[in-house]
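Contents: one structure, followed by commentary.
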Amino acid sequence: MNSNNGKFIVFEGLDGSGKTTQLAAIHKYITKEKGLKCREEREPSESLPGALARSAIKKQVKFAPQTMALLFAADRYEHIIHDIKPYLNEGIHVICDRYVFSNLAYQGLELDFETVYECNKAAMKLLMPDITIFIDTEPEETMARIGKSRVGNELFDKEGVAVRENFYKAFDFLKEKSLLKNLLIVKGNQSEEAITREIIKYIEELL
Ligand code: TYD
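Now the structure itself:
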């Protein structure tokens with residue numbers, strides 16, 4: 002686990018769950034209200050393996066499920082080393098849109114969790130979140146939000162129900178391996194402000 006000064010805070014949820022909005026609100030809270038340094042990050046990141054994974058998500062190229070898991074995991078490893086760890090080591094908080102839970106939830110649609118876990122072992126050894134926030138918005142609602150025109154354009158657009166279930170399975174799977182601490186599950190069908198208040202209440206003592 003991360004024993005450095007900066008806290009590593011991860012946001013997870015389906016596309017359209019509201020995690021990006023909440024990430025921005027929490028970034029504002031940490032920097033403006035608390036006066037602390039904080040960086041916003043996201044996965045897949047800007048690394049080369051990340052770019053390949055993004056191309057596959059956009060259906061421009063196709064990889065085997067195992068390759069997809071490895072690409073996201075390789076992106077994660079690069080991301081940790083270059084864009085996350087150095088800042089945590091300087092006492093800067095890092096909040097990240099998606100992390101290893103997404104790998105289990107999405108690649109776990111086609112692979113078993115142990116296989117995805119094996120791909121991520123090196124990255125997870127380097128860093129696990131201090132706080133994980135899952136914004137649980139009903140798949141029906143997320144589909145409506147991302148817009149009917151986009152649904153189907155990306156690889157996992159139609160898998161909402163199964164991905165949501167897999168997130169819950171992923172949390173249990175990692176809890177069993179003692180790799181998960183400080184998980185907050187927030188209901189996504191509340192106002193943006195109510196969700197932000199719930200997250201702030203949870204993280205303020207942990208910062
Ligand atoms: P997303 O956050 O939606 O980025 P963007 O706003 O650029 O579309 O993430 C892109 C997709 O990648 C999303 O559908 C989930 C998927 N994904 C995985 O399948 N595995 C992973 O390990 C990660 C981090 C994301």
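Every position in the sequence shown, counted from 1, becomes a number in this note's numbering once 1 is added.
Glycine included, each C-beta is placed from N, C-alpha and C at the ideal position.
Beta-carbon separation (whole angstroms), residue i vs residue j, contact threshold 8 angstroms
i: G7; j: L89; result: 4 angstroms
i: V101; j: I134; result: With 8 angstroms as the limit, V101 and I134 do not qualify as a contact, their Cβ atoms being about 14 angstroms apart.
i: I204; j: I10; result: 7 angstroms
Per-residue burial, residue i [other beta carbons within 10 Å of its own, 16 or more giving buried]
i: H80; result: buried
i: E44; result: buried
i: E194; result: exposed
i: K207; result: As written in the sequence, residue 207 is Leu, which differs from the Lys given in the question. L207 comes out exposed.
i: G189; result: buried
i: L24; result: buried
i: F12; result: buried
i: K20; result: buried
i: A87; result: Sequence check: residue 87 is Pro here, not Ala. Exposed is the call here.
i: S46; result: buried
i: S48; result: buried
i: A145; result: exposed
For residue j and residue i, the rounded distance between their alpha carbons
i: V95; j: L128; result: 12 angstroms
i: F64; j: I196; result: 37 angstroms
i: L15; j: T138; result: 7 angstroms
i: P50; j: D76; result: 5 angstroms
i: K176; j: K170; result: 10 angstroms
i: A123; j: R151; result: 34 angstroms
i: E91; j: R40; result: 12 angstroms
i: V117; j: A26; result: 31 angstroms
i: G109; j: S103; result: 9 angstroms
i: E119; j: K38; result: 33 angstroms
i: L72; j: I136; result: 25 angstroms
i: R55; j: S192; result: 30 angstroms
Own chain partners of residue i with C-beta closer than 7 angstroms, once the 5 adjacent residues on each side are dropped
i: P140; result: L15, G161, V162 and R165
i: E199; result: V187
i: M125; result: V101 and L180
Neighbourhood of residue i by C-beta, 8 angstroms cutoff - its chain only, sequence neighbours within 5 removed
i: N154; result: K59 and K60
Proximal residues to residue i (C-beta, below 6 angstroms), its chain only, five neighbours per side dropped
i: E111; result: P66
i: F157; result: Y107
i: F174; result: F114
i: L185; result: I134 and Y203
Any chain D beta carbon closer than 8 angstroms to residue i
i: R151; result: Of the protein chains in the structure, only one exists, and it is not chain D.
Problem set entry | the stretch 24 to 31 / the stretch 92 to 106 touching (three or more Cβ pairs under 8 angstroms) | Yes, the stretch 24 to 31 touches the stretch 92 to 106.
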